[in-house]
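Quick note on numbering: the UniProt record's numbering labels position 237 of the sequence shown as 237, and the sequence is numbered without any gaps.
In what follows, a structure is listed as structure tokens, so that the remarks can point back to it.
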Amino acid sequence: MNEVTGMNTVGRNEPCPCGSGKKYKKCHGKENAIDIDALVKQELDVLQAQAYDFIATTQSPHMEELYHQYLSKMELMKADPDIYEMAFVSWYGVTQKDEEGLRLIDRFVDKQTVTRPQTAERLESWKKVRITAGSVEKVDDETLRVTEAITGDELLVKEAFGHMEEGSFFLGLLLPNGDSYIPFAQYFIYPIIQKGASEMVKIRFEQGEFDDLQEYLAGQYLELADVGFVLYGAEKRKAAKTPAPTEEKEETTGAIEGVEIWKTPEYIEAIKALQDYLEEKGENKKESALLVAVLEKYFYTERPTIRNPKIYSGAMVDMAKNIDDISIRHVQKELAEHFDVSANSISRRSKQIWESYQDTVYSMLKEQKA
């Protein structure tokens with residue numbers, strides 16, 4: 001005769017699910033029915049904490065180097081070292097491979113000796129970490145339903161969640177847990193930015209020309225986390241109707257008021273290279289300011305993933321040939337040589353920006369003339 005324990009059926013002469021090594025009838029079978037799922041959850045909670053500690057205490061020059069490299073790119077998370085450190089450690093442990101092609105999460109799983117079969121099976125599945133970003137709705141106090149921004153897949157995420165606002169955006173590293181997932185260490189839930197953040201994730205994926213979604217999210221995870229805070233802050237200011245600054249800026253800066261915080265080092269490099277080129281060529285200051293302002297507007301709105309900032313600098317100069325009302329004209333070959341990029345790259349990016357932003361360009365040109 002079998003007895004039902006929680007969601008599982010155990011024979012009286014089978015090993016007890018508690019992992020004691022005794023037969024069930026001589027162990028928990030003598031007591032009231034036990035909830036195996038609850039025991040597995042407890043064990044997985046302990047193992048997750050141990051996995052994080054294993055990663056955090058690993059001595060690795062590469063890990064140290066990447067820690068500071070990414071920290072320098074953070075606009076907001078660097079102001080809170082604890083959040084950044086937990087996000088970095090968990091990200092590094094599940095994404096970065098060593099010379100043997102193994103990640104720290106793989107090494108941790110392989111080192112464990114787990115007696116309960118259900119727990120061992122779940123633990124082994126942790127090698128298939130899923131990184132996700134998307135809109136989220138609360139099912140109950142311990143379950144979220146995440147709709148991924150790019151795939152549209154719906155994932156159930158189990159955790160003790162507190163209050164959550166509507167329109168929230170979720171970003172996290174997920175450990176498989178049967179038909180659901182457990183968020184690993186630091187995860188992010190940003191209120192009120194669901195639509196904007198989802199669009200940003202899609203745009204960065206498409207413009208970055210990534211072949212694999214998980215590769216994209218693994219490479220962009222920390223930057224997406226930081227930009228999430230930026231977007232949330234911007235929405236909060238917008239909701240509060242904070243007046244925009246009224247001070248006039250130098251006409252050569254082309255800066256967008258009140259949003260300097262969103263600029264990444266790559267964006268700054270592209271903008272600076274464009275400014276330097278136009279100044280070196282002695283171009284009209286108002287026309288130069290327009291091109292710089294358009295590039296800033298493009299970066300602020302689209303948040304593209306940039307691999308070579310100077311492609312955007314050259315593309316913006318090349319794009320000027322489409323604007324009849326300004327005199328800036330330079331051939332692609334000259335731009336390619338100056339910015340040390342290919343003419344084809346400049347041409348493709350110039351065309352893409354113009355197709356998306358020509359209405360914006362004419363609108364800004366009209367404002368400049370007013």
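In this text, a Cβ means the ideal position worked out from N, Cα and C, and glycines have one as well.
Asked	Found
First through last residue of the beta strand (DSSP E) which encompasses Thr143	Thr143 to Glu148
Inter-stretch contact at 8 angstroms, needing at least 3 Cβ pairs: the segment 91 to 102 / the segment 50 to 64	yes
Sequence-distant residues of the same chain with beta carbon closer than 6 angstroms to Glu159, five excluded per side	Pro183
Where the alpha helix (DSSP H) through Ile268 begins and ends	Pro265 to Glu280
Status (buried if at least 16 other CB within 10 Å, exposed otherwise) for Ala197	buried
Alpha-carbon spacing of Ile55 relative to Glu279, whole angstroms	49 angstroms
Three CB pairs or more closer than 8 angstroms across the segment 333 to 350 and the segment 307 to 314	yes
Distance, Lys321 Cα to His330 Cα	8 angstroms
Pairwise C-alpha distance: Tyr67 and Pro81	11 angstroms
Separation of Trp91 from Gly233, as counted between CA atoms	23 angstroms
Coarse secondary structure for Ile328, derived from DSSP in three states	coil
Residue interval of the alpha helix (DSSP H) (run including Leu217)	Leu213 to Ala239
At least 3 beta-carbon pairs within less than 8 angstroms: the segment 169 to 189 vs the segment 126 to 136	yes
Beta-carbon proximity of Ala270 to Ile306, cut-off 8 angstroms	yes
Within the segment 57 to 116, ranges of the alpha helix (DSSP H) (whole runs, at least 4 residues)	61 to 71, 81 to 95 and 104 to 111
Contact check, Leu104 vs Val114, beta carbons under 8 angstroms	no
Counted within 10 angstroms of its Cβ, other Cβ atoms place Val46 as buried (16 or more) or exposed	exposed
Which listed residue (Gln207, Glu199 and Ile192) has its alpha carbon closest to that of Arg349	Gln207
Given Gln194 as reference, the closest of Asp276, Asp359 and Glu148 once Cα atoms are compared	Glu148
Among Val292, Ala289, Ile268 and Met364, the one whose alpha carbon lies nearest that of Glu309	Note on residue identity: the sequence assigns Pro, not Glu, to residue 309. The candidate whose alpha carbon is nearest that of Pro309 is Ile268.
Cβ-Cβ distance between Thr360 and Val292 below 8 angstroms	no
Residues that DSSP places opposite Lys202 in a beta bridge	Bridge partners of Lys202: none, in fact.
Close Cβ partners of Met319 (< 7 angstroms) along its chain, the five nearest in sequence each way excluded	Ser350, Ile353 and Trp354
Distance CB(Lys127)-CB(Asp106) smaller than 8 angstroms	yes
Paired residues, beta bridge with Asp140 - DSSP	Thr143
C-alpha distance - Lys23 paired with Thr119, whole-angstrom precision	18 angstroms
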